[in-house]
Amino acid sequence: MTLNDVWFALFILIIAGYLILDGFDMGVGILLLPLAQTDVERRTFLNSIGPVWDGNEVWLILGGGVLFAVFPLAYASLFSGMYSAFMLVLLVLILRTVALEFRSKETSPRWRSTWDVVFGLSSLGLALMLGLAFGNVVSGLPVDANGNFSSGLTGLLTPFALLVGVTTAAMFSVQGGIYLLLKTEGELNDRIARTVPRLMVVFFSLNTLVVIAMVLFHQEITERYTTDIWPVIFPAAALAALGGSWLFVRRGEAFKAFLCSSATIGLLLISGGIGLYPNLIVSTLDPGCSLTVYNAASAENTLEVALIIALIGIPFVLLYTAGVYYIFRGKTVVDHHGY
Amino acid sequence: MDAETLSRIQFALTISFHFIFPPLSMGLGLMLVVIGALYVRTKDPKWRRLSFFWVKVYGLIFALGVATGVVQEFEFGTNWAEYSRFVGNVFGSLLAAEGVFAFFLEGGFLGLMLFGGNRLGPRLWLFSIFMVVFGAHFSALWIVMANSWMQTPAGYTIATDPAPARAVMTNFWEVVFTPSFIPRIMHVFMASWTVGAALMLSVSSWYIFKKRHLELAKSNLKVALPLFIFFAFTNVAVFGANQAVEVTQNQPLKLASMEGLYQSESCARMYLVGWVDETTQTTTGISIPCLLSWLAYQDTSATVAGIDSFAPAPTPPINLEFQVYHYMIMVGSALIGIGLLGGLFYLWKRRLFESRLVLSLLVLTVFAAETTITAGWWTAEIGRQPWIVYDVLKTADGVSPLVPAYEVVFSIIMFVGTYSLLFVLFLYLLNRKIQAGPEELEEVETVAVGNLPDTFRDVFRRQQPRAGEEPP
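So the protein sequences, as listed, match chains W and E. In this text, residue positions in the first sequence follow this note's numbering: the first is 1, and each later residue adds one. In this text, residue positions in the second sequence follow this note's numbering: the first is 1001, and each later residue adds one.
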């Protein structure tokens, strides 16, 4: 196992951290318009993620920084090739932040409902865009010998990538719904508890479709699962974790359900990563042009320095994260001093 | 226009807009730590009231800084792919380190800072504020470090096999401590503190001018004014001057461009205002003889190298560089004057509180300080052109080769649209907060101070405090 492999694994874990954490606040955003009806309910939703959303988003920034440092050639190809897609990701990231921040600064119902719509749609948009990008990475991109491609915006809109996009949105709604079960009380909690199992059925069905589509059309990513047997543990565990979260939601044990749902997201991403390895971006023009964890990586001394930085930094990250979630644990209370 | 020019425009636009907020996060943050410490020391509730007020303002500034900050990290890849390939080995680690060390610190404690007033005791709240502010400084440290590597690259070698050509790190510590790093970071910190102190000074002067919240505003001004004078003065006299020495040593062509000095001169003059005619290569204006020689070498008779002596090296746009640099110098120095004037009027039997002229000058300081720090950053970045990594890689060679111009046009339109909206909303909300002023403590405190956990042990021993109020 080389440093490159270690970094690939760490990168996948950082992205998994991002999807699990920002996933629930995107989910809360997606569910805001359909589920929260009164102003107090909406504020409960927003305040439930209020103290933590910023820290969650940092995982994305960290993921970007790590990709830049460790696999710079993949970073350059992916970001420039999907130029417009990444610009749209930026747009929804900006809109989400300001909608959350501005919404409760004015009391007028029209001001508030406008920002609620912006927050809901940009959360949904972000989930779709992330899924779309992931779908395109899985199905390969037309990377040339210099590592460049240009997809335009419409070039990314393949049926498969769209399916992955919608599935991602469903996955985050489940994650957000379960988080809200932890954070809400009373009638609102009951309403969410009725919706979450339905969302899980939708997510499960869509995800099954994604797997079928991969087996039929994108065998390069399922190949590893047919040559080796041990990697099957990960998708199997993802399925088990999804089953577990279903069970715990039914029993009203929201915290355990949240852990299971987080595990589902993490395990699905790991399964995808195993299918992709050792490629980072598969070239659809010529397999020789594919960017791998070896040919797209920084020199070994950079990988070492970055690993030292990560090993010093990540324990602190986990400590702050745990501390904040601990201090803001329990049901969300809407007061004068929040969102 | 081609994709390169458009990408330059977009990057300049997005980073200049972003750069409004980080100096405030650092500077206002430091002032908040001072106010919080005063409360912990004196237990005077006025400081607590001010903390609640300024934390709200800080939240707004911070949110915009976060929202506009992610953009740059993406743009290196989207618009400057060749640059990213070239510097990834060196530059990427510093960005990743910023994420893992600084952003998580800020992100983790931000919630406690913004919502902590009713959840944490004064000491723990102050601790959270301190950690966020420390994180903001730490973040700036990594960014200025990365940027300093682009100004004065060191600790690397260029590898060409396998393609593409790229800078490979040979010594991590040389990458971190490039010759320009320490002088530049000190200048950035001190300038940011000036901006933060100026914001507090402006707002308290405005209240006194309008005869609102008088007692609170006077207390606030008494803290802000001396710090403002100190920061503004030290920044020009110590760290700004030191920066001139650093540029002289490491980027002498940049120094010559800043002053529009075409021919080498002993006892070189420094302009106060002026105009560079780049076609005739002449600079005209009002100048002080020998001052440039003294600034650069602490010797009035020293020879300063002119632009000619570096020919045929490519130069930045000289007049633009000259103008932004002199804006920084003139307005930065004027800030000291305004501060001292305010200080004198205060010492002169507290006449400051009655003098509408001096108060209105003090109100203007935040706008002057913000534009000055931006002009300073432009001086550094325009003066580096046409290089993206000084003397190593041209900006033109760093651009993404396949991104079509029309896609960049669309993204520029998108940024201009969203940022204009954001800026209008930011000013509107900031103005409203300021007009509303600090609220009464009874309104913002939902839990009595004495009941809040004030040590780490308290936090983990107690049940979560509840705000037993109906939502408004």
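For every residue, glycine included, the Cβ atom is placed at its ideal position computed from N, Cα and C.
Less than 8 Å between the CB atoms is what I'm expecting for residue i and residue j, so what's the real figure, rounded?
i, j, result
"tyrosine 1262 (chain E)", "aspartate 1308 (chain E)", "6 Å"
"glycine 1196 (chain E)", "methionine 1026 (chain E)", "7 Å"
"valine 293 (chain W)", "aspartate 5 (chain W)", "7 Å"
"serine 1180 (chain E)", "serine 1202 (chain E)", "No, serine 1180 (chain E) and serine 1202 (chain E) are not in contact; Cβ-Cβ is about 32 Å, not under 8 Å."
"glycine 29 (chain W)", "glycine 177 (chain W)", "Contact doesn't hold; Cβ gap of about 12 Å is too wide."
"phenylalanine 1086 (chain E)", "alanine 1198 (chain E)", "In fact, because the Cβ distance is near 38 Å, the residues do not count as touching under 8 Å."
"alanine 1232 (chain E)", "methionine 1200 (chain E)", "13 Å between Cβ atoms; not a contact."
"glycine 1398 (chain E)", "valine 52 (chain W)", "In fact, because the Cβ distance is near 36 Å, the residues do not count as touching under 8 Å."
"alanine 99 (chain W)", "tryptophan 115 (chain W)", "5 Å"
Among the candidates the options, whose CA atom is the shortest distance from the CA of residue i?
i, options, result
"valine 1070 (chain E)", "E:Asn1171, E:Tyr1428 and E:Phe1415", "E:Phe1415"
"serine 262 (chain W)", "W:Arg251, W:Trp246, W:Gly252 and W:Val317", "W:Trp246"
"lysine 1394 (chain E)", "E:Phe1019, E:Glu1073 and E:Trp1080", "E:Trp1080"
"glycine 17 (chain W)", "W:Leu318, W:Val334 and W:Val40", "W:Leu318"
"alanine 1191 (chain E)", "E:Phe1181, E:Asn1089, E:Phe1230 and E:Ala1167", "E:Phe1230"
"glutamate 1246 (chain E)", "E:Cys1267, E:Tyr1297 and E:Thr1170", "E:Tyr1297"
"phenylalanine 1475 (chain E)", "E:Gly1029, E:Leu1094, E:Glu1075 and E:Tyr1083", "As shown, chain E starts at 1001 and ends at 1472. That puts residue 1475 (chain E) outside it, with no answer to give."
"leucine 1013 (chain E)", "E:Leu1126, E:Val1176, E:Thr1418 and E:Thr1455", "E:Thr1418"
"alanine 1140 (chain E)", "E:Leu1402, E:Leu1255, E:Pro1317 and E:Ile1185", "E:Ile1185"
"valine 1403 (chain E)", "W:Ser80, W:Arg96 and W:Asp39", "W:Ser80"
"methionine 129 (chain W)", "W:Leu162, W:Val201, W:Arg42 and W:Arg329", "W:Leu162"
"leucine 343 (chain W)", "W:Thr158, W:Ala76 and W:Arg198", "Limits of chain W in this structure are 1 at one end and 339 at the other, which puts residue 343 (chain W) out of reach."
"valine 334 (chain W)", "W:Ala74, W:Gly125, W:Thr184 and W:Val249", "W:Thr184"
"isoleucine 1288 (chain E)", "E:Gly1332, E:Gly1342 and E:Ala1268", "E:Ala1268"
"alanine 1241 (chain E)", "E:Val1188, E:Ser1266 and E:Pro1022", "E:Val1188"
"asparagine 146 (chain W)", "E:Leu1006, E:His1213, E:Ala1163 and E:Gln1010", "E:Ala1163"
Can you tell me whether DSSP reads residue i as helix, strand or coil?
i, result
"valine 138 (chain W)", "helix"
"serine 1285 (chain E)", "The displayed chain sequence assigns glycine, not serine, to residue 1285 (chain E). Glycine 1285 (chain E): strand per DSSP, three-state reduction."
"glycine 1274 (chain E)", "strand"
"aspartate 1454 (chain E)", "coil"
"alanine 1167 (chain E)", "strand"
"glutamate 1075 (chain E)", "helix"
"asparagine 279 (chain W)", "strand"
"methionine 200 (chain W)", "helix"
"glycine 1468 (chain E)", "Note that glycine 1468 (chain E) scores 43 on pLDDT, short of 50, meaning its location in the model is unreliable and no value can be drawn from it."
"tryptophan 1387 (chain E)", "strand"
"valine 1392 (chain E)", "coil"
"isoleucine 327 (chain W)", "helix"
"valine 1304 (chain E)", "strand"
"alanine 299 (chain W)", "coil"
"isoleucine 1009 (chain E)", "helix"
"tyrosine 1428 (chain E)", "helix"
"glutamate 1246 (chain E)", "helix"
What does residue i reach in chain W if we use C-beta pairs closer than 8 Å?
i, result
"valine 1133 (chain E)", "Result: empty, since nearest Cβ-Cβ is about 15 Å, beyond 8 Å."
List the residues of chain W whose Cβ lies closer than 9 Å to the Cβ of residue i, in chain order.
i, result
"glutamate 1407 (chain E)", "Tyr83, Ser84, Met87, Ser150, Gly152 and Leu153"
"methionine 1169 (chain E)", "Ser298, Ala299, Asn301, Thr302 and Val305"
"threonine 1284 (chain E)", "Correct list: empty, because the minimum Cβ distance to chain W is about 44 Å."
Since residue i meets chain E, which of its residues come closer than 7 Å, beta carbon to beta carbon?
i, result
"proline 72 (chain W)", "Ser1084, Arg1085, Gly1088, Asn1089 and Gly1092"
"alanine 310 (chain W)", "Val1100"
"alanine 254 (chain W)", "Within chain E, no residue comes near alanine 254 (chain W); the closest Cβ sits about 17 Å away, beyond 7 Å."
"lysine 105 (chain W)", "Leu1429"
Mind listing the chain W neighbours of residue i? Cutoff is C-beta to C-beta under 7 Å, in chain order.
i, result
"threonine 1418 (chain E)", "Leu91 and Ile94"
"methionine 1414 (chain E)", "Met87 and Leu91"
"proline 1404 (chain E)", "Ser150"
"proline 1401 (chain E)", "Asn148"
"glutamate 1246 (chain E)", "Within 7 Å Cβ-Cβ: nothing; glutamate 1246 (chain E) doesn't reach chain W, min ~26 Å."
What does residue i reach in chain E if we use C-beta pairs closer than 9 Å?
i, result
"tyrosine 320 (chain W)", "Phe1104, Leu1105, Gly1107, Gly1108, Phe1109 and Met1131"
Just to make sure I have the definition right: I need the residues of chain E whose C-beta is within less than 8 Å of the C-beta of residue i. Which are they?
i, result
"leucine 78 (chain W)", "Gly1077"
"leucine 62 (chain W)", "Ala1096, Gly1099, Val1100, Phe1103 and Phe1104"
"phenylalanine 119 (chain W)", "Neighbours of phenylalanine 119 (chain W) on chain E: none; closest Cβ ~13 Å, over 8 Å."
Checklist line | Cβ contact check for the region 113–123 of chain W and the region 1111–1124 of chain E: 3 or more pairs under 8 Å | finding: Fewer than three pairs of CB atoms, one per stretch, sit closer than 8 Å, so the region 113–123 of chain W makes no contact with the region 1111–1124 of chain E.
Checklist line | Contact the region 1151–1169 of chain E vs the region 1321–1341 of chain E: 3+ CB pairs below 8 Å | finding: Touching, no.
Margin query: If contact is defined by three or more beta carbon pairs under 8 Å, each pair taking one atom from either stretch, is the region 300–312 of chain W in contact with the region 1085–1105 of chain E?
Written below: Yes: at least three Cβ pairs fall under 8 Å.
Notebook entry, point to check: Pairing CB atoms from the region 83–92 of chain W with CB atoms from the region 148–161 of chain W, are three or more of them under 8 Å?
Noted result: Contact between the region 83–92 of chain W and the region 148–161 of chain W is present: 3 or more CB-CB pairs across the two stretches fall below 8 Å.
Next item on the list: Report yes or no: do the region 1302–1320 of chain E and the region 1242–1260 of chain E share at least 3 C-beta pairs separated by less than 8 Å?
Entry: The region 1302–1320 of chain E is in contact with the region 1242–1260 of chain E.
Note to self: For the region 1405–1419 of chain E against the region 87–97 of chain W, do three or more pairs of beta-carbon atoms, one drawn from each stretch, fall closer than 8 Å, so that the two count as touching?
What the structure shows: Short answer: they touch.
Item checked: the region 270–286 of chain W touching the region 250–261 of chain W, judged by at least three CB pairs closer than 8 Å -> Touching, no.
Notebook entry, point to check: Would the region 211–225 of chain W and the region 61–73 of chain W be scored as touching if the rule is three or more Cβ pairs under 8 Å?
Noted result: In the pairwise beta carbon analysis, the region 211–225 of chain W is classified as not touching the region 61–73 of chain W: fewer than three pairs are separated by under 8 Å.
Next item on the list: For the region 1348–1359 of chain E and the region 1280–1295 of chain E, state whether three or more C-beta atom pairs, one from each stretch, are separated by less than 8 Å.
Entry: Contact between the region 1348–1359 of chain E and the region 1280–1295 of chain E is absent: fewer than three C-beta pairs spanning the two stretches fall below 8 Å.
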